[in-house]
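These notes concern the structure reproduced below.
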Amino acid sequence: MYNAFFGLTANPFNLSPDPGFLFRSPQHEEALANLIYGIQSLKGFIVLSGEVGTGKTTMIECLRNYLAASQIEFAYLFNSRLTVDQFFEMIAYDLDLHCRRDSKTEVLFTLNHLLIQRSNAGSTTVLIVDEAQNLDWNVLEEIRMLGNLENRRGKLLQVVLAGQPELDRKLDAPDFRQLKQRVALRCSLHPFQEGDTADYIQSRLARAGMPQQNVFPEEVLSEIHYRSQGIPRIINAICDNLLLTCFAAETKVANLEFLDEVTTDLRLDWPGRRPFRSPVDFSDGTYRVEPHYSRGK
């Protein structure tokens with residue numbers, strides 16, 4: 001709606017993961033490099049963890065692009081609330097295994113044959129599981145057992161488990177110690193620092209056709225970071241709504257009043273925020289306007 005108004009060629013703050021808008025912060029570069037290295041080196045089990053909205057799924061999308069370009073076969077499970085039978089059916093479907101997909105035994109025999117073929121051809125096969133913190137114990141145990149498929153070169157199946165911090169805590173539990181010991185690489189994504197938030201916004205606007213962003217003044221950028229707590233998904237939601245608010249107000253510069261409106265509509269919360277108060281305060285005998293929010297000291 002606002003693209004033409006700002007001279008943009010695409011929506012810069014789409015909430016859907018898009019590798020084309022990947023912001024190559026040091027931590028995201030490191031995470032992607034570790035994922036690729038772990039697969040190339042046949043490490044077996046790789047864990048990618050991070051808080052909600054920090055970019056895990058975007059990392060997975062970038063990894064899938066790399067695997068497709070490298071002609072490495074992979075299965076991608078985006079719904080982790082599966083039974084054991086459904087888990088094997090999904091693997092058989094994604095890897096196009098020619099067998100009875102409702103038979104765990106046949107899937108395992110066919111999968112083993114495929115893995116050996118791929119290994120003999122000098123390649124490997126990858127299993128990617130998103131939202132892995134939701135995996136049932138029985139399914140995690142089946143995944144661990146798939147790690148037994150190996151030869152002298154290394155693991156025949158490379159497993160990438162991506163999930164929220166609950167995944168790390170689950171793997172730390174005594175019941176999961178066998179799987180934890182098999183994890184060769186761990187990558188973690190964290191919320192941005194303030195400078196990263198500004199660079200992230202600039203990067204996305206530049207890729208959408210605005211090389212030098214002048215929509216968000218410095219004080220607005222600082223507040224966007226504070227109220228989003230540096231989480232990319234929330235930054236996107238705030239900035240998208242700010243651009244829409246600017247468009248509606250027929251101005252190309254956002255301000256703190258617009259930001260107040262947007263963060264209220266989104267029902268965001270952040271440390272130090274106060275409930276809404278009367279704009280006039282006579283409590284100390286003086287007249288002044290109170291802000292709708294404040295930062296904790």
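Numbered per my numbering, the sequence shown spans residues 1 to 297.
All C-beta atoms, glycine included, are put in the ideal place defined by N, C-alpha and C.
Reference residue i; option with closest CA among the options
i: R64; options: I238, E219, V160 and N236; result: V160
i: S70; options: I36, P26 and E142; result: I36
i: L135; options: G50, N148, Q164 and Q158; result: Q164
i: S203; options: F13, R267, Y2 and V47; result: F13
i: Q40; options: D260, N255, L179 and G154; result: G154
i: A208; options: I235, N11 and L179; result: N11
i: Y66; options: L171, P19 and F45; result: P19
i: R144; options: E194, I201, V84 and I234; result: V84
i: E218; options: A237, T197, I231 and K170; result: T197
i: N79; options: R152, G7, A162 and G147; result: A162
i: V220; options: C239, I231 and F192; result: C239
i: H28; options: D94, L259, G55 and L146; result: G55
i: P26; options: A206, T251, D199 and N241; result: D199
i: S16; options: P232, R267 and D260; result: P232
i: S123; options: L97, K170 and L156; result: L156
i: L97; options: A121, N151 and Q117; result: Q117
Rounded Cβ spacing between residue i and residue j (contact assumed at less than 8 Å)
i: F74; j: I128; result: 6 Å
i: A33; j: M59; result: Not a contact, Cβ separation roughly 11 Å.
i: L244; j: M90; result: Not really, about 38 Å apart at Cβ, beyond 8 Å.
i: V215; j: A249; result: That belief does not hold up - the Cβ atoms of V215 and A249 are roughly 12 Å apart, past 8 Å.
i: G50; j: S188; result: 6 Å
i: N112; j: L77; result: Not quite, the Cβ-Cβ distance comes to about 19 Å (not below 8 Å), so this is no contact.
i: Q213; j: I201; result: 7 Å
i: W137; j: D175; result: 7 Å
i: Q158; j: K43; result: 7 Å
Nearest-angstrom Cα separation, counted from residue j out to residue i
i: F276; j: I224; result: Because the pLDDT at F276 is just 42, under 50, the model does not fix this residue reliably, and the point stays unresolved.
i: E166; j: R24; result: 25 Å
i: W270; j: R227; result: 5 Å
i: R182; j: H190; result: 24 Å
i: A132; j: L114; result: 24 Å
i: V262; j: V107; result: 51 Å
i: E194; j: C246; result: 23 Å
i: A92; j: F5; result: 48 Å
i: I234; j: T125; result: 34 Å
i: C99; j: T110; result: 7 Å
i: K104; j: E142; result: 11 Å
i: V280; j: S222; result: Because V280 carries a pLDDT of 41, less than 50, the predicted location of this residue cannot be relied on, and the following value inherits that uncertainty. Cα to Cα, V280 sits roughly 26 Å from S222.
i: D130; j: V47; result: 10 Å
i: T9; j: V52; result: 28 Å
i: L242; j: F258; result: 7 Å
i: K252; j: A68; result: 40 Å
i: K297; j: A237; result: Reliability of the predicted coordinates at K297 is poor, the pLDDT of 35 falling under 50, and no value is obtained from them.
Where residue i sits in the DSSP three-state scheme
i: K104; result: helix
i: V220; result: helix
i: V159; result: strand
i: A75; result: strand
i: G154; result: strand
i: A173; result: coil
i: V183; result: strand
i: V253; result: coil
i: M59; result: helix
i: Q178; result: helix
i: Y2; result: coil
i: D269; result: coil
i: L149; result: coil
Test: residue i CB closer than 8 Å to a CB of chain C
i: L185; result: In the structure shown, chain C cannot be found, because there is only a single protein chain.
Runs of beta strand (DSSP E) wholly within the stretch 5 to 56 (minimum 3 residues, chain order): 45 to 50
Length-filtered (4 minimum) alpha helix (DSSP H) runs lying within the stretch 82 to 146: 84 to 94, 104 to 120 and 137 to 146
Completely contained alpha helix (DSSP H) runs for the stretch 186 to 236, where each covers 4 or more residues: 194 to 207 and 218 to 228
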